[in-house]
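A short worksheet on the structure shown next.
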Amino acid sequence: MAFYTGKGDGGTTKLFDSPKGQRVSKSSPIFETLGMLDELNTLTGWCRVAAPRDLKAGERPVVAILLDVQDHLFTLQAEVAGAPKSVLQTSIDTINTLISGIEKSLPEVKTFLVPGGTEFSARLDIARAVSRRVERHLVQLHESGERTISEGSRAYANRLSSLFYALTRFANHSAGVPERPPQYL
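What follows is the structure, encoded as structure tokens:
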């Protein structure tokens, strides 16, 4: 398989559900969303390689949790590109349980927190912020009618920023780094 075909040089490409011979402009909001999902998947991989190998949230290694997130991001990308894929309710239940378990292991928080702490938590914070942008674009794409995004996939995208936030706090807590609220100077 070649790394390039040259077929997209004119600014168009195909989607999974494109009718035979029909190409779509790369300026479509579908491709903006696909690009953001790719960016988030790459950032998640960057987080995964920085995760301490012995760090576990409950019984699950954080490395495995982040790899699951990457697989779900591929599912979201496939759905946006027109494949008959979507995130299942069982995955949403799993992420809910995971977030709740992490939350119970941490001190209660009643304010915003200044991002940073460790390099790993800072990477997770970047992924959290990008995941919120991805969610907004998925919703916008769905509401525009250009692409139907399943309820399950939209729910998963909504939970994803919460998972990254929980993991950020968990990473700092596990490293003994105190959380700091903003000073609002």
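Residues in the sequence shown are numbered from 439 upward in steps of one, following my numbering.
Ideal placement from N, C-alpha and C gives every residue a C-beta, glycine not left out.
Residue 520 vs residue 454 beta-carbon contact at 9 Å: Position 82 of the sequence shown, counted from the start, is the residue given in the question as residue 520. Position 16 of the sequence shown, counted from the start, is the residue given in the question as residue 454. For residue 520 and residue 454, yes; Cβs fall inside 9 Å.
Option in 554, 543 and 564 with minimal Cα separation from residue 619: The residue labelled residue 619 in the question sits at position 181 within the sequence shown. Here the closest residue by C-alpha is 554.
With respect to the alpha helix (DSSP H) encompassing residue 476, which residues constitute its N-terminal and C-terminal limits? Reading the sequence shown from its first residue, position 38 is the one you call residue 476. Taken as a continuous stretch (DSSP letters only), the alpha helix (DSSP H) holding residue 476 covers 467 to 488.
Can you list, in chain order, the residues of its chain with a C-beta nearer than 7 Å to that of residue 562? Leave out the 5 residues immediately preceding and following it. Numbered from 1 along the sequence shown, position 124 holds the residue referred to as residue 562. Excluding sequence neighbours, residue 562 sits near 485, 602, 605, 606 and 609.
Would you mind working out which of 516, 611, 517 and 621 sits nearest residue 495, comparing C-alpha positions? By one-based count along the sequence shown, residue 495 stands at place 57. Looking at the Cα atoms, 611 is the closest of the given residues.
Is the beta carbon of residue 530 closer than 9 Å to that of residue 590? One-based indexing of the sequence shown puts residue 590 at position 152. One-based indexing of the sequence shown puts residue 530 at position 92. Contact: yes.
How should residue 565 be labelled, buried or exposed, when 16 other C-beta atoms within 10 angstroms of its C-beta is the threshold for buried? Residue numbering aside, residue 565 sits at position 127 when the sequence shown is read from its first letter. By the neighbour-count rule (16 or more Cβ atoms within 10 Å), residue 565 is buried.
Tell whether a beta-carbon distance below 9 Å holds between residue 627 and residue 579. Within the shown structure, residues of the chain are numbered from 439 to 623, placing residue 627 beyond reach of any answer.
By Cβ distance, which residues of its chain are closer than 6 Å to residue 617, with the 5 residues on each side in sequence left out? Counted from its first residue, the sequence shown places residue 617 at position 179. Only 551 meet the Cβ criterion.
CA-CA distance, residue 569 and residue 446? Counting from one through the sequence shown, the residue named residue 569 turns up at place 131. Counting from one through the sequence shown, the residue named residue 446 turns up at place 8. Cα-Cα distance, rounded: 28 Å.
Reference residue 596; option with closest CA among 533, 539 and 467: Here residue 596 refers to the residue found at position 158 when the sequence shown is read from its first residue. Among 533, 539 and 467, the Cα nearest to that of residue 596 belongs to 533.
If you draw a straight line from the alpha carbon of residue 592 to that of residue 567, how long is it in whole angstroms? For the purposes of this step, residue 592 is identified with residue 154 of the sequence shown, where counting begins at 1. For the purposes of this step, residue 567 is identified with residue 129 of the sequence shown, where counting begins at 1. Cα to Cα, the separation comes out at about 16 Å.
What first and last residue would you give for the alpha helix (DSSP H) that runs through residue 558? Locating residue 558 in the sequence shown gives position 120, counting from the first residue. Unbroken alpha helix (DSSP H) run through residue 558: 557 to 582.
Could you tell me the distance, in whole angstroms, from the CA atom of residue 491 to the CA atom of residue 540? On the sequence shown, position 53 is the one that residue 491 refers to. On the sequence shown, position 102 is the one that residue 540 refers to. Each residue's Cα considered, the two are about 17 Å apart.
Using alpha carbons as the reference points, say which of 458, 517 and 467 lies closest to residue 582. On the sequence shown, position 144 is the one that residue 582 refers to. Checking every option, the nearest Cα to that of residue 582 belongs to 467.
Between residue 584 and the rest of its own chain, which residues show a CB-CB distance below 8 Å, the 5 nearest in sequence each way excluded? In the sequence shown, the residue the question calls residue 584 occupies position 146. Answer for residue 584: 466, 467 and 468, listed in chain order.
Rounded to a whole number of angstroms, what is the C-alpha to C-alpha distance between residue 560 and residue 462? In the sequence shown, residue 560 corresponds to position 122, counting from 1. In the sequence shown, residue 462 corresponds to position 24, counting from 1. Roughly 37 Å between the two C-alpha positions.
C-beta contact flag for residue 478 and residue 572 at 9 Å: Residue mapping note: residue 478 aligns to position 40 of the sequence shown, counting from 1. Residue mapping note: residue 572 aligns to position 134 of the sequence shown, counting from 1. In contact: residue 478 and residue 572 (Cβ atoms closer than 9 Å).
When you compare each of 464, 576, 575 and 622 to residue 448 by their alpha carbons, which one comes out closest? As a first step, residue 448 is located in the sequence shown; it is residue number 10 there, counting from the start. Selected option, being the one with the closest Cα: 464.
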